[in-house]
Amino acid sequence: MNMGWSRKKKDRLQYPCIPSALQPFLHSANMSILDPPKKYEIVKDYVKEKLIRPGTSHNLDLEAEDLNELHRLNQAELSDLVGDLDLLRQKTELLASRLQQLNLLLSGIKITLVKRIFFIPLKRKNI
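In terms of our numbering, the sequence shown opens at residue 1 and continues consecutively.
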């Protein structure tokens, strides 16, 4: 028993009417297949650009000289990062090692992990 589609059965193939899907259609001499353009151009009218000019920013937390300074993580920031990423010990050590190689950790940083105890509540049966 053959379950596939053959040339005989393809006329009975029903395509669903989904707006996001391209529907097949017949081509004829009146309707040719379009070729993609050889060169693409970006028209400036359609591109919305927001230029940031120096001195126009009103963010008091971020200043221009802060962008040039290297921020090195301290113990609390590393612990927060590890906690937010929910990393296991091996991945935490790997992250700390890579940050140390890139000189992004302050000296004397220790890797500390908080043990997570998983508690599964059990239902009590009334006796």
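Glycine included, C-beta positions come from ideal geometry on N, C-alpha and C.
Proximal residues to residue i (C-beta, below 8 Å), its chain only, five neighbours per side dropped
| i | result |
| --- | --- |
| L105 | R72, L73, L78, A96 and L99 |
| S6 | none |
| I18 | none |
Residues that residue i bridges to, as DSSP identifies them
| i | result |
| --- | --- |
| L73 | L105 |
Chain-order list of residues whose beta-carbon lies under 7 Å from that of residue i (same chain, five-residue window excluded)
| i | result |
| --- | --- |
| V47 | In this predicted model, V47 has a pLDDT of only 49, less than 50, meaning its place in the structure is not dependable; the value taken from the coordinates is given anyway. Same-chain partners within the cutoff: there are none. |
Closer than 6 Å: residue i CB and nearest the ligand GDP heavy atom
| i | result |
| --- | --- |
| N30 | Summarising the ligand content, the structure contains no ligands, and the ligand GDP is consequently not present. |
Sequence-distant residues of its chain with Cβ nearer than 6 Å to residue i (five each side left out)
| i | result |
| --- | --- |
| V82 | T92 |
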